[in-house]
Amino acid sequence: MSERVTVPTIKSVKVKNGSKPIVMITAYDFPTAQIADKAGVDIILVGDSLANVVLGYDDTLKVKTSEIAYHVKAVKNAKPQCLLVADMPWLSYHLGPNKSVKNASKLIRAGASAVKLEGGEERTDAIASILGAEIPVMGHLGLTPQSVNAFGGFKVQGKSSQQREKILRDAHHLSDLGCFSIVLEGIPADLAQTITDEIPIPTIGIGAGKHCDGQVLVFHDVTGFKFSNSAKFVKTFSDLSGVALEAVEQYKKEVVDGTFPSESNSYH
Ligand code: KIV
618 MSERVTVPTI
628 KSVKVKNGSK
638 PIVMITAYDF
648 PTAQIADKAG
658 VDIILVGDSL
668 ANVVLGYDDT
678 LKVKTSEIAY
688 HVKAVKNAKP
698 QCLLVADMPW
708 LSYHLGPNKS
718 VKNASKLIRA
728 GASAVKLEGG
738 EERTDAIASI
748 LGAEIPVMGH
758 LGLTPQSVNA
768 FGGFKVQGKS
778 SQQREKILRD
788 AHHLSDLGCF
798 SIVLEGIPAD
808 LAQTITDEIP
818 IPTIGIGAGK
828 HCDGQVLVFH
838 DVTGFKFSNS
848 AKFVKTFSDL
858 SGVALEAVEQ
868 YKKEVVDGTF
878 PSESNSYH
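Sequential numbering of the sequence shown, starting at 618, is according to this note's numbering.
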C-alpha cells in the first residue's frame, strides 16, 4: 500500500477474499518509523514492548501512558503514510470508562490514529467507551503480555479446550463490539486459523502461525538490534547490533590511534 493507510482500509482486509496480508511492525522513534514507513509496512505500532526493547525493563507492566505518548510523538514526526496505532499500557484502561477514554485520547492527541488494548469480554466497558469517543480500537488476544503474572509466565495460550473456547468467543465479541482488527499472540496456529476464518475483521498474528490476515513483529527482533535471544516465533532478518557494535569499536580505535578526525573531517 503506497497511499495513506486508514482504519477502514485495514478493516476491509481478509486474505480469504483476495487481500494481501497486513504487514505491521513496532517502531518507537523518528528513525525506526522512517525505516518502517520507507519499507512500505501497513501499520506502525508504538507497542508497550517499548518497556522491554527501548527502556530495558523486564516486562511491559512498568511503562506509562505518558511514555507511550512521548514515543508516539517522535514516530508521528516521521510523517508516516502507514497507519499509526498506539498501545494502551497496563492500568490505563482498567479503572473505568472515563479514565480509559482520557488515556486513549492522550495517545490520539500525540498523533496515533487508533489504540490497541489487551483482553476480551472483561474489557467490554473500556472498549465500548473508547469506541464511543470515535477512537478506533485494535483488540489483542492470546498470550497478552500484560497478563504475565496472571498466566504464571509467558506461556502459549489456547492449548486446553476451555482456553480455546474463551479465545474464540472473545474474538467474536471484539468483532461484534466494533474493533477494526485483532492481534493474536502466542496461540496454536490451528486456533488462529479458525478465528481468522470465522470473524469478519482481520487477524494479525505474532506467534500464531501463517493463517492470519497479517503478521506483526517487534522492530528490534526483525533487525537484530539487540543482544538477547529471540523467541521461537521471531525471524531476525539482519544483525544491526553487530553492525553498530563494529562501527562504534572502529570509531573508538580511530580516535585512540589518531586516524579520526582526518584532514577531510576538519575545517580550515
Ligand atoms: O507491544 C507490542 O510490541 C505488541 C506487539 C508485539 C503485538 O503488542
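A virtual CB, placed ideally from N, CA and C, is assigned to each residue, including glycine.
Nothing here was measured: the structure is a model prediction, and the numbers come from that model.
Use the C-beta contact count for VAL865: other C-beta atoms within 10 angstroms, 16 or more gives buried, fewer gives exposed.
-> Exposed, by the Cβ-count rule.
Taking only the alpha-carbon atoms, compute the straight-line gap between PRO625 and GLY756 and give it to the nearest angstrom.
-> 15 Å
Cα-Cα separation, MET618 to THR741 = Residue placement at MET618 is poorly supported in this model, since its pLDDT is 45, which falls under 50; the coordinates are not used for a value here.
Extent of the continuous beta strand (DSSP E) run through GLY795 | Note, GLY795: premise wrong, no beta strand (DSSP E); not H, not E.
Taking the CB atoms as reference points, tell me whether TYR645 and GLY664 lie closer together than 9 Å.
-> yes
Compute the minimum distance between the beta carbon of ILE823 and the heavy atoms of ligand 1, and state whether it is under 8 Å.
-> yes
What is the DSSP secondary structure of GLY749, reduced to helix, strand or coil?
-> helix
GLY775 beta carbon near ligand 1 (any heavy atom closer than 8 Å) = no
Take ALA653 and list the residues in its own chain whose beta-carbon comes closer than 8 Å to its own, dropping the five residues that flank it on each side.
-> ILE642, ALA644, ILE661, PRO697, CYS699 and PHE836
Could you tell me whether the Cβ atoms of THR761 and LYS633 are closer together than 9 Å?
-> No, the pair does not count as a contact, with Cβ atoms beyond the cut-off.
Look at ALA806 and GLY826 and say whether their C-beta atoms are less than 9 Å apart.
-> A Cβ-Cβ contact shorter than 9 Å links ALA806 with GLY826.
State buried or exposed for ASN694, treating a residue as buried only when at least 16 other CB atoms are found within 10 Å of its CB.
-> exposed
DSSP state of HIS837 mapped onto helix, strand, coil = helix
Assuming LYS843 contacts SER855 under a Cβ cut-off of 8 Å, what Cβ separation, rounded to an integer in Å, is found between them?
-> Not a contact, Cβ separation roughly 12 Å.
The alpha helix (DSSP H) with ASP654 in it runs from where to where?
-> 647-655
Check whether the Cβ of HIS757 sits closer than 8 Å to any heavy atom of ligand 1, and report yes or no.
-> yes
Going by CA-CA distance only, name the one from TYR884, GLY770, VAL839 and ILE627 that's closest to ALA731.
-> ILE627
Say whether the region 816-832 touches the region 789-798, bearing in mind that this needs 3 or more beta-carbon pairs closer than 8 Å, one atom from each stretch.
-> yes
The alpha helix (DSSP H) with HIS688 in it runs from where to where?
-> 682-693
Return helix, strand or coil for LYS631, following the three-state DSSP convention.
-> Taken through DSSP and simplified to helix, strand or coil, LYS631 comes out as coil.
Under the three-state DSSP convention, the category LYS719 falls into | helix
Collapsed DSSP secondary structure at MET618 in the structure displayed = Low confidence applies here, because MET618 scores a pLDDT of 45, under 50, leaving its location unreliable and the question unanswered by this model.
Confirm the yes/no value for this check: CB of SER666, any heavy atom of ligand 1, distance under 8 Å.
-> yes
Do THR682 and LEU724 have their C-beta atoms within less than 9 Å of each other?
-> yes
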